[in-house]
Amino acid sequence: MRRWVSGLMAVGVLATASGALAAEPPNPTGEAQLAKLLEGRVAGKPVSCLRLSDIQGSEIIDGTAIVYHLPGNRLYVNRPRGGASSLRQDDVLVTRTYGGDLCEPDAVDLFDSLAHFQRGFVSLGPFVPYSKPAR
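Given below as C-alpha cells:
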C-alpha cells in the first residue's frame, strides 16, 4: 500500500510539473494590456539574459508576461516558458539567480502581496527588447 501511495504521489507531482510547462492559452486581457504598453515600440532580437544591475523596475501583465524596465526607456518583455497563467499584477516577484544576470530559464517565485505566501513560480523565457524608433 505504501509503495502504491508513493507511486501515485510521484505521478501527481510529474503531472503538475509537466502541466506548468505545457503551452498555455493566451490571456486576451493581458495581451491587450501588453499591446497598449508596447504601442509605438519596435521589437528587437531576443536575448537570453539581462544584467541585474541594469534593471530599474518590472511590471506584471496578468496571465501573460513580465516587463522589465531598463535605462534609455527600453522595455524587455519576458513571456515565461511555464506558469505565465499564474502571473497577477499584485504579485511580488522573488528571483533566484546565480551570478549577476537574470537569465532564461531562471525561476521567479510569485508571492501573494497581502498574505505573504508563495503562490507559485514561473520559468523565464527569452527577453524581447522593445524600443521607440529613432526619429
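Going letter by letter, the sequence shown gives residues -22 to -1, 1 to 113 in mature numbering (1 follows the signal peptide of the UniProt record, and there is no 0).
Note that the Cβ used here is the ideal one computed from N, Cα and C, for glycine as well.
Considering PRO107, what are the terminal residues of the alpha helix (DSSP H) in which it resides? Walking along the sequence shown from the start, residue 107 turns up at place 129. Not the alpha helix (DSSP H): PRO107 falls in the beta strand (DSSP E), residues 105 to 109.
Between the alpha carbons of ASP87 and LEU71, how many angstroms are there, rounded? Within the sequence shown, numbered from 1, the residue matching residue 87 stands at position 109. Within the sequence shown, numbered from 1, the residue matching residue 71 stands at position 93. Looking at the two C-alpha atoms, the distance is approximately 6 Å.
Sub-7 Å separation of residue 187 and ILE38 beta-carbons: The requested residue 187 is not part of the displayed model; the chain covers only -22 to 113.
Cβ shell of PRO6 (< 7 Å), same chain only, five flanking positions each side left out: Here residue 6 corresponds to residue number 28 of the sequence shown, with the count starting at 1. None.
Local conformation of GLY35 per DSSP, three classes: Here residue 35 refers to the residue found at position 57 of the sequence shown. The answer is strand: DSSP assigns GLY35 an E or B state.
Whole angstroms is fine: what's the gap from LEU102's alpha carbon to ARG19's? Within the sequence shown, numbered from 1, the residue matching residue 102 stands at position 124. Within the sequence shown, numbered from 1, the residue matching residue 19 stands at position 41. Approximately 22 Å between the Cα atoms of the pair.
Select from LEU80, VAL106 and ARG59 the residue whose C-alpha is nearest the C-alpha of VAL100. For the purposes of this step, residue 100 is identified with residue 122 of the sequence shown, where counting begins at 1. Measuring from the Cα of VAL100, the nearest candidate turns out to be ARG59.
Does PHE95 pass the burial test, meaning 16 or more other C-beta atoms within 10 Å, or should it be called exposed? Counted from its first residue, the sequence shown places residue 95 at position 117. So PHE95 counts as exposed.
Report yes if the CB atom of ASP40 is closer than 7 Å to the CB atom of GLY78, and no otherwise. Taking the sequence shown and counting its residues from 1, one reaches residue 40 at position 62. Taking the sequence shown and counting its residues from 1, one reaches residue 78 at position 100. For ASP40 and GLY78, no; Cβs fall outside 7 Å.
Would you decide whether ASN51 is buried or exposed? Buried here means 16 or more other CB atoms lie within 10 Å of its CB. Within the sequence shown, the letter at position 73 stands for residue 51. With fewer than 16 Cβ atoms within 10 Å of its Cβ, ASN51 is classed as exposed.
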